[in-house]
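Asks: Okay, handing you the structure first.
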Amino acid sequence: MDGSRTALGEKDTLGLYLTGHPIDEYERELKRFVSTRISDLKPSRDPQRVAGLVVGVRTMKSKRGDTMAFITLDDRTGRIEASLFGELFEQLRGQIEADQVLIVEGEVSSDEFSGGLRLRGKDVTPMVTARIRYGQAVELALDAGQINGRLIETLRDSLTPYRDEEGLPVRLQYRHPDAVGWLELADEWKVAPSDDLLLALRDVQGQDGVRLRYR
Numbered sequence: 001m002d003g004s005r006t007a008l009g010e011k012d013t014l015g016l017y018l019t020g021h022p023i024d025e026y027e028r029e030l031k032r033f034v035s036t037r038i039s040d041l042k043p044s045r046d047p048q049r050v051a052g053l054v055v056g057v058r059t060m061k062s063k064r065g066d067t068m069a070f071i072t073l074d075d076r077t078g079r080i081e082a083s084l085f086g087e088l089f090e091q092l093r094g095q096i097e098a099d100q101v102l103i104v105e106g107e108v109s110s111d112e113f114s115g116g117l118r119l120r121g122k123d124v125t126p127m128v129t130a131r132i133r134y135g136q137a138v139e140l141a142l143d144a145g146q147i148n149g150r151l152i153e154t155l156r157d158s159l160t161p162y163r164d165e166e167g168l169p170v171r172l173q174y175r176h177p178d179a180v181g182w183l184e185l186a187d188e189w190k191v192a193p194s195d196d197l198l199l200a201l202r203d204v205q206g207q208d209g210v211r212l213r214y215r
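In case it helps, the UniProt record's numbering puts the sequence shown at residues 1 to 215.
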C-alpha cells in the first residue's frame, strides 16, 4: 500500500493523481462489496451502492440545529457528493475522515445546482467494517526457519494495538518441508483488519506472507 501513500501526496499537492489512484489498491476487495462504479450511477429511487475514496468532508447545521455531513467520494471513474443526515451521521461521527474508503448505499438524484448527481446516504460502511462483516480471518504464513522468540514478540507487538473482540481471528500457517499446519490464535487476539494492521504485518512477513481471507 506504499503506492497509495505516494498517490495521496500527489493529490494533496496537485489536486490529482499521476501514478495511480489510491482506490486501485482495494480493487479486488471492493468487487466483493459493490458492482457499480460512480460513473454508472443514474437517478433512481431504488437503492444503489458504490465505494469511493473520501476526498472531501464538510458539515453544516440544518435549520432545526441538526448536523449534516456532505462527503465527496472518488472511485477513479468519477466523483459524487453523498449527504448524511440525522441519526446516520451521529452513528458515524468521528469515523469519517479524508483518504479513507467508504461503501455508501442510498438514493441517487439529479443535482440541479451542479448539473451532476447527488447521493442521499442510507447506509455507510467503512472498509474495516466491511472486512469484518464479510471476512473470515487474517492469515499469516510462517516458515519453520523463521520462528523464534524475536518473531513471536514482533508479531505480538504488531497485533496488540488492533485487538478487537468484534474483529477477525488471526490464523498462522506453519510451513515445514515435511508438513504444513494451521493454528488459530485465541479469541482475545481477534483484530480489526485495518490498513494500518495489514501494513504492520507485511513489514514483518512481507507482502506475500499476509492475507485477508474472505468467506
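Just so you know, even glycine gets a beta-carbon here, dropped at the ideal spot from N, CA and C.
#1: Is it true that the CB of residue 139 sits closer than 8 Å to the CB of residue 122?
#2: Whole angstroms is fine: what's the gap from residue 61's alpha carbon to residue 120's?
#3: What residues are listed by DSSP as bridge partners for residue 127?
#4: Does the distance from the CB of residue 72 to the CB of residue 55 come in under 8 Å?
#5: Among 155, 166, 43 and 161, which one has its Cα closest to the Cα of residue 206?
#6: Sort out for me which residues DSSP pairs residue 194 with in a bridge.
#7: For residue 34, which three-state DSSP category applies?
#8: Suppose you measure from the CA of residue 49 to the CA of residue 149; what does that come to, to the nearest Å?
#9: Rounded to whole angstroms, what is the Cα-Cα separation between residue 7 and residue 115?
#10: So if DSSP puts residue 106 in a beta bridge, which residue, or which two residues, is it bridged to?
Replies: Let's see:
#1: By 1-based counting over the sequence shown, the position of residue 122 is 122. By 1-based counting over the sequence shown, the position of residue 139 is 139. The criterion of a C-beta distance shorter than 8 Å is not satisfied by residue 122 and residue 139.
#2: Along the sequence shown, read from residue 1 onward, the residue named residue 61 stands at position 61. Along the sequence shown, read from residue 1 onward, the residue named residue 120 stands at position 120. The alpha-carbon atoms of residue 61 and residue 120 are separated by roughly 16 Å.
#3: In the sequence shown, residue 127 corresponds to position 127, counting from 1. Residue 127 pairs with nothing; no bridge assigned.
#4: Within the sequence shown, the letter at position 72 stands for residue 72. Within the sequence shown, the letter at position 55 stands for residue 55. Yes, Cβ-Cβ distance for residue 72 and residue 55 is below 8 Å.
#5: To locate residue 206, count along the sequence shown from 1; it is residue 206. Residue 155 is the option with its Cα nearest to residue 206.
#6: Here residue 194 is taken as the residue at index 194 of the sequence shown, counted from 1. According to DSSP, which records beta bridges pairwise, residue 194 is partnered with nothing at all.
#7: Your numbering for residue 34 matches position 34 in the sequence shown. Three-state DSSP puts residue 34 in coil, outside helix and strand.
#8: Looking up residue 49 in the sequence shown gives position 49. Looking up residue 149 in the sequence shown gives position 149. The straight-line gap from Cα to Cα measures roughly 46 Å.
#9: Within the sequence shown, residue 7 is the residue found at index 7, counting from 1. Within the sequence shown, residue 115 is the residue found at index 115, counting from 1. Residue placement at residue 7 cannot be trusted, given a pLDDT of 48 that sits under 50; the coordinates are not used to answer.
#10: Translated into the one-based positions of the sequence shown, residue 106 becomes position 106. Paired residue(s): 48 and 121.
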